[in-house]
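Position 23 (the sequence shown) corresponds to 22 in numbering that gives the first Met the number 0; numbering is contiguous.
Notes to accompany the following structure.
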Amino acid sequence: MGIEWRDSLSIGVEAIDNQHKELLSRFDKLLNACQEGKGIAELKVLLLFLEEYVHTHFRDEEALQKLHRYPEYESHKAEHIYFIEQLKKLKAETDKSGVSTHHVVETNNMLLKWLLNHISKVDTTLGKFLKSEN
Ligand SMILES: [Fe+2]
0 MGIEWRDSLS IGVEAIDNQH KELLSRFDKL LNACQEGKGI AELKVLLLFL
50 EEYVHTHFRD EEALQKLHRY PEYESHKAEH IYFIEQLKKL KAETDKSGVS
100 THHVVETNNM LLKWLLNHIS KVDTTLGKFL KSEN
C-alpha cells in the first residue's frame, strides 16, 4: 500500500504542487520500506529530510498567502505550526532513545495522515481562493 499523487490534490500553483509531490513521494518511500522491513532506517532518512524541507515548504506557502492577503492565513499557519511541533516531538524522542518501530507507526499514523488531510482540505481551500483571485 503506497500513496500516490492525484490531480485532485493540486492547488493550481506549480511550485507548491511540486513540493507536495516531493513530500508524498518521501512518505511513500517510508511505506515501501516498511513492507520490506526497513522502516526504521528509512524513518531516519525521512526525519532528516523533513526537518529542512518542511520549513521551506511552509514558508513558501505562507509567503504566497501573505502576497494574496489570504483571509485564512492565521489558521492555516497554526496548522503548519502544529505539524512542526509534532515533528519536533518525534525528533526529540528519537534523538533520546533511538528510532523504533513505534516511531515508524506513529509517523505513518500521525504525520502522513495530517499531511494528506492538510493537502486535501486546507491547501485545496487555499487553491480555490487563489483561483478565484485570478
Ligand atoms: Fe499548508
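Cβ coordinates follow ideal geometry from the N, Cα and C atoms, glycine included.
Since the model is a prediction, treat every value here as computed from it, not as a measurement.
Measuring alpha carbon to alpha carbon, tell me which of the options ends up nearest residue i.
| i | options | result |
| --- | --- | --- |
| F82 | R5, P70, L115, A14 | L115 |
| K120 | E3, G1, I10, W4 | I10 |
| D59 | L23, P70, D16 | D16 |
| L110 | A14, A62, R25 | R25 |
| E13 | G126, S131, N133, S96 | G126 |
| L8 | N133, T124, N107 | T124 |
| G36 | F128, S99, L129, K130 | S99 |
Within 10 angstroms of the Cβ of residue i, are there 16 or more other Cβ atoms? Answer buried if so, exposed if not.
| i | result |
| --- | --- |
| Q64 | buried |
| I80 | exposed |
| V44 | exposed |
| V103 | buried |
| G38 | buried |
Output needed for residue i: all residues of its chain with C-beta closer than 7 Å, excluding positions within five of it in sequence on either side, in chain order.
| i | result |
| --- | --- |
| H165 | No information on residue 165 is available, as it lies outside the stretch 0 to 133 that the chain covers here. |
| F57 | H79 |
Using the C-alpha atoms, what's the distance from residue j back to residue i?
| i | j | result |
| --- | --- | --- |
| T55 | K20 | 14 Å |
| G1 | H101 | 19 Å |
| T93 | L66 | 37 Å |
| Y72 | E61 | 7 Å |
| G97 | E41 | 13 Å |
| W152 | D6 | The shown model of the chain, from 0 to 133, leaves out residue 152, and the question about it has no answer. |
| E132 | Y69 | 10 Å |
| S74 | N108 | 23 Å |
| K130 | A91 | 39 Å |
| K95 | K76 | 29 Å |
Looking only at its chain, what residues have a beta carbon closer than 6 Å to the beta carbon of residue i, apart from the 5 residues adjacent to it on each side?
| i | result |
| --- | --- |
| D27 | G1, I2 |
| L23 | I2, W4 |
Starting from the C-beta of residue i, find all residues in its chain whose C-beta is less than 8 Å away, skip the five residues before and the five after it, and write them out in chain order.
| i | result |
| --- | --- |
| E105 | L89 |
Kindly say whether residue i, judged by its beta-carbon, lies nearer than 7 Å to any beta-carbon of chain B.
| i | result |
| --- | --- |
| E84 | In summary, chain B is missing from the structure at hand, where a single protein chain is found. |
Taking contact to mean 3 or more Cβ pairs, one atom from each stretch, closer than 8 Å, check whether the region 87 to 96 and the region 31 to 39 are in contact.
no
Say whether the region 37 to 54 touches the region 119 to 133, bearing in mind that this needs 3 or more beta-carbon pairs closer than 8 Å, one atom from each stretch. no
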